[in-house]
Amino acid sequence: MGTLSGLLFFLLTLHSGTVFLFTTTLILRSYSSPINSLKCYVCSSTDSNEYCNSNSEECQAPLDTCMTTLSDLKAIVKHCSNFKVCSAAASSVSLDENGDGTAVTCCSSRLCNYSAATHVQLCTWILTLPVCIYLISVHKWWLISIFQLE
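Each residue of the sequence shown is one higher than the one before, starting from 1 at the first, in the UniProt record's numbering.
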C-alpha cells in the first residue's frame, strides 16, 4: 500500500507541476500576444485620411496610445505614441474662431484613430456649444424684457 500511495503522490505532484507550468505559459503568452497589443493607423503629413487608413502598425512598448495630429493645412499625421506625450500635446492645442490651428487627438483602443477630421469637428462643436447656449439665453432674456416693457 505504501508503494501505491507513493506512486499516487508522485503522479499528483507531476500533474500539479504540469498544470502549473501550462497555466503559467498561458498567462505569459496572453501578455505577449499580438491580439492584446495596440494597433494604430500610421501616416506622415498627408492630406488623405484614406491613405492614412491604408497603413497600420503594432505599437511597441512603451507606446500605448494612438496619436493623430490635424493641422490647419489639412495635413494628417498618425502614429503610435506614449499617453503622457499625446495628452500633453492635446492639451496645448489651439484653434481660432474659424477652427484653424492644430488639433491633436489621443485614443487607446485597436485602430481607434480611423477618422481624424470627424473627431476634430466634434471637438470644435463641443467647445462652441456653451457659447451658443449663452448667446441664446441672453438673447431670450433681452426679447422677454423688451416685450414686457411694451
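Cβ atoms here follow ideal geometry from the backbone N, Cα and C, with glycine treated the same way.
Keep in mind that this is a model prediction, so the values were computed, not measured.
Spatial neighbours of residue i within its chain, please: CB distance less than 6 Å, with the 5 preceding and 5 following residues excluded, ordered by chain position.
i	result
residue 48	none
residue 72	100, 101
residue 68	78, 105, 113, 116
residue 66	40, 107, 112, 113
residue 89	104
residue 91	none
residue 85	none
residue 120	Residue confidence is low: residue 120 scores 46 on pLDDT, short of 50, so the model does not pin down where it sits. No coordinate-derived value is stated.
Whose CA, out of the options, lies closest to the CA of residue i?
i	options	result
residue 151	103, 90, 114, 38	With the chain covering 1 to 150 only, the question about residue 151 has no answer from this structure.
residue 61	91, 54, 81	81
residue 83	98, 76, 108, 96	108
residue 51	42, 64, 92, 97	42
residue 46	56, 87, 63, 76	76
residue 163	59, 70, 64	With the chain covering 1 to 150 only, the question about residue 163 has no answer from this structure.
Ignore the nearest five residues each way along the sequence and tell me which others in residue i's own chain have a CB closer than 8 Å to its CB.
i	result
residue 110	38, 39
residue 93	101, 102, 103, 104
Taking all protein chains shown into account, do 16 or more other C-beta atoms lie within 10 angstroms of the C-beta of residue i, making it buried, or fewer, making it exposed?
i	result
residue 54	exposed
residue 98	exposed
I'd like the list of long-range same chain contacts for residue i, defined as Cβ closer than 7 Å, with 5 residues on each side in sequence excluded.
i	result
residue 87	106
residue 56	39, 40, 41, 42, 111
residue 63	80, 81, 82
Return yes when the C-beta of residue i is under 7 Å from any heavy atom of the ligand MG, and no when it is not.
i	result
residue 46	Looking at this structure, you won't find the ligand MG or any other ligand, since it has none at all.
Counting only runs of 3+ residues fully inside the UniProt domain "UPAR/Ly6" (38-122), write out the beta strand (DSSP E) ranges in chain order. For the UniProt domain "UPAR/Ly6" (38-122), whole beta strand (DSSP E) runs of length 3 or above, ordered along the chain, are 39-41, 43-46, 56-58, 65-71, 76-81, 101-107.
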